[in-house]
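Structure, as structure tokens:
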Amino acid sequence: MNARVPNPHFNFVERAPYELGYLLNKLPTDFSSHSKLTADERLVAEAASMHASNANSELMNGLEALGQVIAHAALSPDRGGLNKHQMMSLGALIKHMAVEAQFLQELDFRLSEALGADSPSTSNSCGGAA
């Protein structure tokens, strides 16, 4: 993609998970690293890869922050007001989010590979390719 021309499919950076699903539905059903893509399909795949990378970054940053909060609460004599059920629910949520992050990393890698990129896209959560 030309760095001076924005990708028309890369929209709503703050809604990466939604946009990712929408873009994946726009790709051919037989999409793979062997696919012959039109110029527009390539832009869709590039936008999906950027959204996957951005969503993964948001999940990882959030997991880190949530882990710090939970660790701090756990050190508090009253566990920050959290009961056992709430702590278990938070643990399950973090586990689920980590699995989603793993999926997003794999998806970004596979999309980048299918696009013939040298390496997975380098994106940031503040607006796309770095």
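Note that this note's numbering has the sequence shown beginning at 1420, numbered continuously upward. The C-beta atom is built at its ideal place from N, Cα and C for all residues, glycine as well.
Assuming F1429 contacts A1466 under a Cβ cut-off of 8 Å, what Cβ separation, rounded to an integer in Å, is found between them?
Locating residue 1429 in the sequence shown gives position 10, where the first residue counts as 1. Locating residue 1466 in the sequence shown gives position 47, where the first residue counts as 1. Correct: roughly 4 Å between the Cβ atoms.
For L1442 versus V1424, is the C-beta spacing smaller than 8 Å?
Residue mapping note: residue 1442 aligns to position 23 of the sequence shown, counting from 1. Residue mapping note: residue 1424 aligns to position 5 of the sequence shown, counting from 1. Not a contact, by the Cβ cut-off of 8 Å.
Got a sec? Which residues, its chain only, sit under 6 Å from E1438 by beta carbon, not counting five neighbours each side?
Working through the sequence shown from its first residue, we reach residue 1438 at position 19. For E1438, where only same-chain residues beyond five positions count, the Cβ hits under 6 Å are F1431 and H1470.
Under a Cβ-count criterion, where at least 16 other Cβ atoms within 10 Å of its own Cβ denotes burial, should N1475 be classed as buried or exposed?
For the purposes of this step, residue 1475 is taken as residue 56 along the sequence shown, with counting starting at 1. N1475 should be labelled buried.
State the DSSP-derived secondary structure class of H1470, mapped to helix, strand or coil.
Working through the sequence shown from its first residue, we reach residue 1470 at position 51. Helix, per DSSP.
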